[in-house]
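Under this note's numbering, the letters of the sequence shown match residues 23 to 307, in that order. By construction, the Cβ of each residue, glycine as well, lies at the ideal position given by its N, Cα and C atoms. Note that the structure is a prediction, hence the values are computed from the model and not measured. The structure appears right after this line, and notes come after that.
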Amino acid sequence: MHNFLMKAYYALTAPFAIFFILSSMKIHPSYKMNFFRKLNLGTRMFLNKTRVQTGTNFKAHLAMALKLLEMSPEKEGVVVECGTWKGGSACNLSLICEIVNRKLIIFDSFAGLPRSDEFDREAPVYIEGEYCGTLEEVKSNLRKYGAIEQCEFRQGWFEDTLPTIDFPIVLAFLDVDLESSLDTCIKNLWNHLVDEGFIFTDEAANPTYITLFFSEKWWAKNFNRVPPGLIGAGTGLPLGEYYIGPMDELSIHPLQHASTGAYTRKNMEAIWVYYPEEQINKANF
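Shown next, in the form of structure tokens:
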């Protein structure tokens, strides 16, 4: 009964999600995103969720589509996906990349999750080799449901493939599960992210995981800057979901579901600076 209600809710609210999320006066006019083009894009994204396995809600894909549509076509850069599983999110990202005329570079081992180390708090949750989609499987899904001509594939472990990046990135989508993988991805992607470029993650409802985006120590050590923060931290972006949380209580709240999608932006900062007693002391000297 719960599954039926969830599926009915998503199906009935999909048209509202499409137009609420893609309603923006900032969408660049060169993309000619009229009513029918928005409906077509959103409908294809919604249907792809039912055709190809993906751990991401199609509304999170719409949110990424919006950010790409709001960018000027003159801004140079590609879209990057790290972790694609069966290619469900790649299908939808490729559709929007076709509209905005950008390349989608897909990084994945195509052999499932790697073995993690003992320090990774997410390691007990996942199994080595889990979430495996072969390269041919992903390509087949993209041929059927996406725009494979927009795609380029980089097969291998992130620590081997990501250091080869030598191009600007306007948006990156990380669905990498492990803390060690998130660490590797951000270290190798951040300096290639264009000004006001975006990094989306699919792990927003996991408080321990997303603390990286708020860690002053990590950002000072790796990039000599303050942390950027994460919009949607803890619950995911408010995309029409009902979620009180926390995640470990979902079994007793079967109709709750976090959207999980969240993002940071290159020029954001998330640091507390209100220390009035320090300011008073400085003023007295």
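Exercise for the section: Might you give, ordered along the chain, the residues of its own chain that have their beta carbon closer than 7 Å to the beta carbon of Ala85, omitting 5 neighbours on each side? Expected result: Ile43, Leu259, Leu261, Gly283
Problem - Coil, strand or helix - Cys154 by DSSP - result: coil
Handout entry: With 16 other Cβ atoms within 10 Å as the buried cut-off, status of Met47
Key = exposed
Problem - Beta-carbon proximity list for Lys97, same chain, < 7 Å, skipping 5 on both sides - result: Val192, Val216
Handout entry: Check whether Ile128 and Val100 have beta carbons under 7 Å apart
Key = no
Exercise for the section: Could you tell me the distance, in whole angstroms, from the CA atom of Ser45 to the CA atom of Met55? Expected result: Cα to Cα, Ser45 sits roughly 10 Å from Met55.
Practice task
Keeping to the same chain, check which residues put their C-beta closer than 7 Å to that of Gln278; ignore five residues upstream and five downstream.
Solution key: Tyr264, Tyr265, Ile266, Leu272
Problem - Ile149 to Leu135 span [Cα, whole Å] - result: 7 Å
Practice task
Note down, in chain order, each residue of its chain lying with its Cβ closer than 8 Å to the Cβ of Leu4, except the 5 sequence neighbours on either side.
Solution key: Past the boundaries of the shown model lies residue 4; the chain is included only from 23 to 307, so the question cannot be answered.
Practice task
Assign Phe132 to one of three DSSP states: helix, strand, or coil.
Solution key: In this structure, DSSP gives Phe132 a state outside helix and strand, which the three-state scheme calls coil.
Handout entry: Ile127 - partner residues in DSSP beta bridges
Key = Val102, Glu174
Problem - DSSP bridge partner residues for Leu200 (one or two, in chain order) - result: Partner(s): none; Leu200 has no beta bridge.
Practice task
Quick one: using the 10 Å Cβ neighbour count with 16 as the cut-off for buried, is Lys71 buried or exposed?
Solution key: Taking all protein chains shown into account, Lys71 has 16 or more neighbouring C-beta atoms within 10 Å of its C-beta and is therefore buried.
Handout entry: the stretch 175-187 touching the stretch 57-70, judged by at least three CB pairs closer than 8 Å
Key = With fewer than three CB-CB distances shorter than 8 Å, the stretch 175-187 does not count as touching the stretch 57-70.
Handout entry: Contact under 7 Å by Cβ, Cys104 with Ala133
Key = no
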